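Below is one structure, written out as structure tokens; comments come after it.
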């Protein structure tokens, strides 16, 4: 995570300075915010600009408490670049932790250097999406989880469920706690196997009549949950 500068003069250079100066095209007198990903925020005014840097006056430092309730999404590995799409959407909507899951029916497999590279892409995608959505708290993208790992994780939650198209109860019927740990599981394109459902041992819920792609189901369910928490209902 990046560290924040103290109040006073600061030069923003490197990749971040280049992005602010050449992509966002910030000019003298405009304001921008720097965040450290763990709740810290520096409110700054631009005092000068160059080709790939900005001179800033750091006006004040702020700290935002960690959001409650905390939301974790266990995401089965989608095909191709849909994994990064899922991470981007989940980050933008406000998910706090993303757990990549090696479900039995996943077409994509993370192994060796290929897996390490894919995990780095997920993490860099989450960081970029967190900046774009101006999040003070960036999501954690964990190491790849097995089904046994996910089962243990679900046991730690105040509210946990598995999305499943054949479930009889809908997400809209849930009573969502205002604080604590919320965790749900999104299966792969081929669906979650019966043996996996038995091992996860969590209640199954559905979103609606439509069957969504694995890369979009998570963000829809996350929005449905967050809209009924203080995170979305408190100004």
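Residue numbers (my numbering): 39 to 273. Glycine included, each C-beta is placed from N, C-alpha and C at the ideal position. All values reported here derive from a predicted model rather than from experimental measurement.
Three-state secondary structure (DSSP) of residue i
{"i": "residue 130", "result": "helix"}
{"i": "residue 185", "result": "helix"}
{"i": "residue 160", "result": "helix"}
{"i": "residue 143", "result": "coil"}
{"i": "residue 245", "result": "coil"}
{"i": "residue 87", "result": "strand"}
{"i": "residue 229", "result": "coil"}
{"i": "residue 207", "result": "coil"}
{"i": "residue 179", "result": "strand"}
{"i": "residue 266", "result": "coil"}
{"i": "residue 57", "result": "helix"}
{"i": "residue 149", "result": "coil"}
{"i": "residue 63", "result": "coil"}
Minimum C-alpha distance to residue i - residue among the options
{"i": "residue 247", "options": "210, 215, 150", "result": "210"}
{"i": "residue 70", "options": "119, 49, 218", "result": "49"}
{"i": "residue 152", "options": "176, 118, 125, 64", "result": "118"}
{"i": "residue 171", "options": "141, 126, 148", "result": "126"}
{"i": "residue 115", "options": "262, 190, 160, 261", "result": "160"}
{"i": "residue 229", "options": "186, 149, 140, 183", "result": "140"}
{"i": "residue 162", "options": "44, 195, 121, 185", "result": "121"}
{"i": "residue 29", "options": "110, 57, 135, 195", "result": "A query on residue 29 cannot be resolved here, the shown segment of the chain reaching from 39 to 273 and no further."}
{"i": "residue 113", "options": "80, 259, 52, 155", "result": "259"}
{"i": "residue 232", "options": "142, 219, 166", "result": "142"}
{"i": "residue 261", "options": "93, 148, 111, 168", "result": "111"}
{"i": "residue 109", "options": "80, 249, 132", "result": "132"}
{"i": "residue 218", "options": "157, 253, 105, 149", "result": "105"}
{"i": "residue 134", "options": "167, 53, 226", "result": "167"}
{"i": "residue 62", "options": "147, 169, 250, 249", "result": "169"}
Cβ neighbours of residue i in the same chain (closer than 6 Å, five flanking residues each side left out)
{"i": "residue 198", "result": "192, 221, 240"}
{"i": "residue 164", "result": "125, 129, 177, 179"}
{"i": "residue 243", "result": "199, 205, 207, 209"}
{"i": "residue 185", "result": "234, 237"}
{"i": "residue 79", "result": "71, 73, 100, 174"}
Inter-residue CB distance, residue i and residue j (contact presumed, cutoff 8 Å)
{"i": "residue 59", "j": "residue 99", "result": "Not quite, the Cβ-Cβ distance comes to about 23 Å (not below 8 Å), so this is no contact."}
{"i": "residue 201", "j": "residue 224", "result": "5 Å"}
{"i": "residue 102", "j": "residue 86", "result": "So it is not a contact: roughly 28 Å between Cβ atoms."}
{"i": "residue 138", "j": "residue 96", "result": "Going by Cβ atoms, the distance from residue 138 to residue 96 rounds to 36 Å, so no, they are not a contact pair."}
{"i": "residue 237", "j": "residue 183", "result": "Wrong, their Cβ atoms sit about 12 Å apart, outside the cutoff."}
Residues near residue i by beta carbon distance below 7 Å, same chain, minus five either side
{"i": "residue 267", "result": "107, 214, 216"}
{"i": "residue 255", "result": "201, 224, 245"}
{"i": "residue 270", "result": "264"}
Bridge partners - residue i, DSSP secondary structure assignment
{"i": "residue 113", "result": "138, 224"}
{"i": "residue 45", "result": "In the DSSP output, where bridge partners are listed per residue, residue 45 has none listed."}
{"i": "residue 75", "result": "None, per the DSSP bridge assignment."}
{"i": "residue 80", "result": "72, 99"}
{"i": "residue 198", "result": "221"}
{"i": "residue 93", "result": "49, 86"}
{"i": "residue 108", "result": "219"}
Close beta carbons around residue i, own chain, < 8 Å, minus the five adjacent residues each side
{"i": "residue 235", "result": "200, 202, 242"}
{"i": "residue 67", "result": "83, 84"}
{"i": "residue 194", "result": "219, 221"}
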